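What follows is a set of notes on a single structure, which appears directly below.
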Amino acid sequence: MQVNKEHIKLLKQGDAKTQKWVFESLYAKMFRVCQRYLVRTDEAEDCMMKAFMKAFQQLDAFTYEHEQSFVHWLKRIMVNESLMALRKQQNLSLATLSEEIDKESDDDFFAHIAAKDLLDALLKLPVGYRTVFNLFVIEGYTHQEIAAELNISESTSKSQLFKAKQRLQVLLTQSQYGYGKAK
Numbered sequence: 000m001q002v003n004k005e006h007i008k009l010l011k012q013g014d015a016k017t018q019k020w021v022f023e024s025l026y027a028k029m030f031r032v033c034q035r036y037l038v039r040t041d042e043a044e045d046c047m048m049k050a051f052m053k054a055f056q057q058l059d060a061f062t063y064e065h066e067q068s069f070v071h072w073l074k075r076i077m078v079n080e081s082l083m084a085l086r087k088q089q090n091l092s093l094a095t096l097s098e099e100i101d102k103e104s105d106d107d108f109f110a111h112i113a114a115k116d117l118l119d120a121l122l123k124l125p126v127g128y129r130t131v132f133n134l135f136v137i138e139g140y141t142h143q144e145i146a147a148e149l150n151i152s153e154s155t156s157k158s159q160l161f162k163a164k165q166r167l168q169v170l171l172t173q174s175q176y177g178y179g180k181a182k
């Protein structure tokens, strides 16, 4: 979906028809962003609605650069709104790992997993693992940015990512092979 300069102009003027078109066009994509953080459908929908409202109210802060810039800006709002919802739930517990993480999980493993299977497994992760995995792998944040955003240390971010990848590998292997046995 492309949001061009004319759409932005109409959105900034408060054009309800354009708002409806943008909302309907981006609903599924933005819902999936929120759902990656908030597992319950109703919470993800509430978060997404708040984020859309916030975006429409704060359009003066948006600067058009290219046709995808609005989608990127809106996605960032969705992520921030999801993180705020997690903080309100006081559900963002992140365990620290005392030893340094030297080895990474086998990233090639994830390259061959269907998106739906990965999402299903991701939704089964503890909140801290899921949040750091989303921010690092999907959103492209650095560990330094994650640490600042979640008020944790960089080593905690790294350990949460490591643990998330390990747990995902187990979950995906179990679902694909029936708990380690070939189907």
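Numbering (numbering that gives the first Met the number 0), first residue to last: 0 to 182. Even glycine gets a Cβ: it sits at the ideal position worked out from N, Cα and C. Note that this is a predicted model, so its numbers are computed, not measured.
{"Check": "C-alpha distance - Tyr140 paired with Tyr128, whole-angstrom precision", "Outcome": "14 angstroms"}
{"Check": "Cβ-Cβ distance between Ala54 and Trp72 below 9 angstroms", "Outcome": "yes"}
{"Check": "Burial state of Leu82 (16 or more Cβ within 10 Å)", "Outcome": "buried"}
{"Check": "Whole-number beta carbon distance between Met47 and Phe30, since they are thought to touch under 8 angstroms", "Outcome": "5 angstroms"}
{"Check": "9 angstroms Cβ cutoff met for Phe135 and Ile145", "Outcome": "yes"}
{"Check": "When Met0, Phe132, Leu37 are compared against Gln165, the one with the closest alpha-carbon", "Outcome": "Phe132"}
{"Check": "Test item: CB-CB of Gln1 and Leu10 under 9 angstroms", "Outcome": "no"}
{"Check": "Coarse secondary structure for Ile151, derived from DSSP in three states", "Outcome": "coil"}
{"Check": "Test: Leu82 CB closer than 9 angstroms to a CB of chain D", "Outcome": "Given the protein chain composition of this structure (a single chain), no chain D is represented."}
{"Check": "Cβ-based neighbour list, Leu121, same chain, cut-off 8 angstroms, excluding 5 preceding and 5 following", "Outcome": "Arg35, Arg129, Phe132, Asn133, Leu167"}
{"Check": "Counted within 10 angstroms of its Cβ, other Cβ atoms place Val32 as buried (16 or more) or exposed", "Outcome": "buried"}
{"Check": "Continuous alpha helix (DSSP H) stretch holding Phe51: start and end", "Outcome": "40–56"}
{"Check": "C-alpha gap between Ala163 and Leu171, whole angstroms", "Outcome": "12 angstroms"}
{"Check": "Per-residue DSSP class, three states only, for Thr141", "Outcome": "coil"}
{"Check": "Opening and closing residue of the alpha helix (DSSP H) in which Met29 lies", "Outcome": "15–36"}
{"Check": "Per-residue burial, Ala84 [other beta carbons within 10 Å of its own, 16 or more giving buried]", "Outcome": "buried"}
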